[in-house]
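Engineer:
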Amino acid sequence: MTAVDDRDAAPAGADGHAPLVLPVSLGPGVDGWFTGRAPADAPPPAVGAAGNLSHRRPHEPPRLAADRRAAFGRMGLDAGDVVWMQQVHGAEVAVVDEHTPRGAEVRGVDALVTVQADRPIAVQVADCVPVLLSSPAGVVAVAHAGRRGVELGIVPATLAAMEDLGAERASVAAAIGPAIGGCCYEVPSEMREDLSDDHPVASGTTSWGTPSLDLPAAVAEVLRDAGVGDVARVGSCTRCDDEDRWFSHRADPTTGRQVGVVVRRGGQA
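Residue 207 in this note's numbering sits at position 206 of the sequence shown; the count goes up by one each step and never skips.
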């Protein structure tokens, strides 16, 4: 693990254009959010994209730190407390516990789970599916589900890790955030067939008539098939959103990243 340093910061929201922050309901004592771009009239930074919250994308460190402080401040969080992942499109899950440093970046995983109160955990995306999960048992999780992650079983692996910490699948609440939809995620027909063999609902057609994959639908199906009864979809297609609220790698490979964040507030069992 490596720490993500947010100390090199300009004042939060220095240009008055904080990234979009969308609250998500995940049950009593648990808060979740998905972020998006800064407003369309936000001055573009010299490097990177306005509203980007990922240190792994092109950015100016003071601007990134300011945007993080603005976004996480709206969540009532300290940006330096957030635990991140170095995501690898796999199916490895890490547990965030009392030994995990504040502001750590956990390497080589695509999901985080924790029972620690007031320990926000985050997933970064720009087309892949971000998933936030919570349980009345006090277990929360984030997962990064791209095509390979869906194939490899990142969602079942995350649920299994939550169960290991005391969660019951039937009581888990899940929120699927902004991700590229079947309307825009064009793939070769062979790739569509490969994934749809195991996940028929993933088979799609783009708005222009070519083979596609509907990853949000596949993730929702996996969650429900695993016994999760409360599955919500938040946001829209990252590539064709009418208001251009989201970052999309398919639309612009140099773009930034939005994040999904979940935290169990102190006081919940």
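Glycine included, C-beta positions come from ideal geometry on N, C-alpha and C. Small disclaimer: the values here were computed from a predicted structure and weren't measured.
1. Give me the Cα-Cα distance between valine 151 and aspartate 242, rounded to the nearest whole angstrom.
2. Strictly by DSSP, which residues pair up with isoleucine 177?
3. My output table needs one value for threonine 256: the three-state DSSP class, helix, strand or coil.
4. Could you check whether alanine 112 and alanine 158 sit closer than 8 Å to each other, using their CB atoms as the reference points?
5. With a floor of 4 residues, list each alpha helix (DSSP H) that falls wholly inside the segment 78 to 155, ordered by position along the chain.
6. Between Arg38, Asp119 and Val97, which has its C-alpha nearest alanine 80's C-alpha?
7. Considering only the alpha carbon of each residue, which of Asp98, Asp253 and Val220 lies closest to alanine 175?
8. Among Asp195, Thr207, Ala127 and Val116, which one has its Cα closest to the Cα of proline 254?
9. On the three-state DSSP scale, how would you describe valine 1?
10. Excluding the five sequence neighbours on either side, which residues of its own chain have a C-beta within less than 8 Å of the C-beta of cysteine 107, listed in chain order?
11. Could you tell me the alpha carbon to alpha carbon distance between glycine 52 and phenylalanine 248, rounded to whole angstroms?
12. Check for me: the alpha helix (DSSP H) holding aspartate 195 runs from which residue to which?
13. Count the other CB atoms within 10 Å of the CB of tryptophan 209; is the residue buried (16 or more) or exposed (fewer)?
14. Consult DSSP for threonine 159 and reduce its assignment to one of helix, strand or coil.
15. For my contact list, valine 141 and methionine 76 are in at a C-beta cut-off of 8 Å; report their separation, rounded to the angstrom.
16. Go through its chain and collect everything with a Cβ distance to valine 124's Cβ below 6 Å, but skip five positions before and after it.
17. Would you check if there are 3 or more beta carbon pairs closer than 8 Å linking the segment 228 to 247 to the segment 172 to 186?
18. May I have the straight-line CA-CA distance separating threonine 256 from glycine 37, to the nearest angstrom?
19. Label serine 190 either buried or exposed according to how many other C-beta atoms from any shown protein chain fall within 10 Å of its C-beta, with 16 as the threshold for buried.
20. Measuring straight from C-alpha to C-alpha, what distance separates methionine 192 and cysteine 184?
21. Measure the CB-CB distance between alanine 138 and alanine 72 and report whether it falls below 8 Å.
22. Taking the alpha helix (DSSP H) that glycine 74 belongs to, which residues open and close that run?
23. Please classify serine 55: does DSSP put it in a helix, a strand, or coil?
24. Give the C-beta separation of proline 121 and leucine 166 to the nearest angstrom, bearing in mind that I take them to be a contact with Cβ-Cβ under 8 Å.
25. Would you call the CB atoms of glycine 30 and arginine 246 closer than 8 Å?
26. May I ask you to report which of helix, strand or coil DSSP gives arginine 265?
27. Give every residue of the same chain whose Cβ lies closer than 7 Å to the Cβ of cysteine 328, excluding the five residues on either side of it in the sequence, and list them in chain order.
Structural biologist: Answer, in terms of the structure:
1. What you label residue 151 is simply residue 150 of the sequence shown in a count that begins at 1. What you label residue 242 is simply residue 241 of the sequence shown in a count that begins at 1. Looking at the two C-alpha atoms, the distance is approximately 23 Å.
2. Along the sequence shown, read from residue 1 onward, the residue named residue 177 stands at position 176. According to DSSP, isoleucine 177 bridges with Val132 and Arg234.
3. Locating residue 256 in the sequence shown gives position 255, where the first residue counts as 1. Threonine 256 falls in the coil class under three-state DSSP.
4. Here residue 158 corresponds to residue number 157 of the sequence shown, with the count starting at 1. Here residue 112 corresponds to residue number 111 of the sequence shown, with the count starting at 1. Against a cut-off of 8 Å, the Cβ pair of alanine 112 and alanine 158 comes out as a contact.
5. 148 to 153
6. In the sequence shown, residue 80 corresponds to position 79, counting from 1. Cα-wise, what sits closest to alanine 80 is Asp119.
7. For the purposes of this step, residue 175 is taken as residue 174 along the sequence shown, with counting starting at 1. Nearest of Asp98, Asp253 and Val220 to alanine 175, Cα basis: Val220.
8. Residue numbering aside, residue 254 sits at position 253 when the sequence shown is read from its first letter. Among Asp195, Thr207, Ala127 and Val116, the Cα nearest to that of proline 254 is on Ala127.
9. Here the chain comprises residues numbered 2 to 270, so residue 1 is not present and cannot be evaluated.
10. Here residue 107 refers to the residue found at position 106 when the sequence shown is read from its first residue. The sequence as given places valine at residue 107; cysteine does not occur at that position. Correct list, in chain order: Met2, Val84, Trp85, Met86, Gln87, Ala95, Val97, Thr101 and Leu113.
11. The residue labelled residue 52 in the question sits at position 51 within the sequence shown. The residue labelled residue 248 in the question sits at position 247 within the sequence shown. Rounded to whole angstroms, glycine 52 to phenylalanine 248 spans 9 Å at the Cα level.
12. The sequence position of residue 195 within the sequence shown is 194, counting from 1. Its alpha helix (DSSP H) spans residues 190 to 199.
13. As a first step, residue 209 must be located in the sequence shown, where it is residue number 208. So tryptophan 209 ends up on the exposed side.
14. Walking along the sequence shown from the start, residue 159 turns up at place 158. If DSSP states are grouped into helix, strand and coil, threonine 159 belongs with the helices.
15. Start at 1 with the first residue of the sequence shown, and residue 141 comes out as number 140. Start at 1 with the first residue of the sequence shown, and residue 76 comes out as number 75. 14 Å between Cβ atoms; not a contact.
16. Here residue 124 is taken as the residue at index 123 of the sequence shown, counted from 1. Pro131, Val143, His145 and Gly261.
17. yes
18. Working through the sequence shown from its first residue, we reach residue 256 at position 255. Working through the sequence shown from its first residue, we reach residue 37 at position 36. Approximately 12 Å, taken between the alpha carbons.
19. Here residue 190 is taken as the residue at index 189 of the sequence shown, counted from 1. Serine 190 is exposed by the Cβ-count criterion.
20. By one-based count along the sequence shown, residue 192 stands at place 191. By one-based count along the sequence shown, residue 184 stands at place 183. Spanning the two alpha carbons is a distance of roughly 16 Å.
21. The residue labelled residue 138 in the question sits at position 137 within the sequence shown. The residue labelled residue 72 in the question sits at position 71 within the sequence shown. For alanine 138 and alanine 72, no; Cβs fall outside 8 Å.
22. Along the sequence shown, one-based indexing puts residue 74 at 73. Start and end: 62 to 75.
23. In the sequence shown, residue 55 corresponds to position 54, counting from 1. If DSSP states are grouped into helix, strand and coil, serine 55 belongs with coil.
24. Residue 121 sits at position 120 when you count from the first residue of the sequence shown. Residue 166 sits at position 165 when you count from the first residue of the sequence shown. Contact doesn't hold; Cβ gap of about 17 Å is too wide.
25. For the purposes of this step, residue 30 is identified with residue 29 of the sequence shown, where counting begins at 1. For the purposes of this step, residue 246 is identified with residue 245 of the sequence shown, where counting begins at 1. Taking 8 Å as the Cβ cut-off, glycine 30 and arginine 246 do not qualify as a contacting pair.
26. Residue numbering aside, residue 265 sits at position 264 when the sequence shown is read from its first letter. Arginine 265 falls in the strand class under three-state DSSP.
27. Any property of residue 328 remains undetermined from this structure, which presents the chain solely from 2 to 270.
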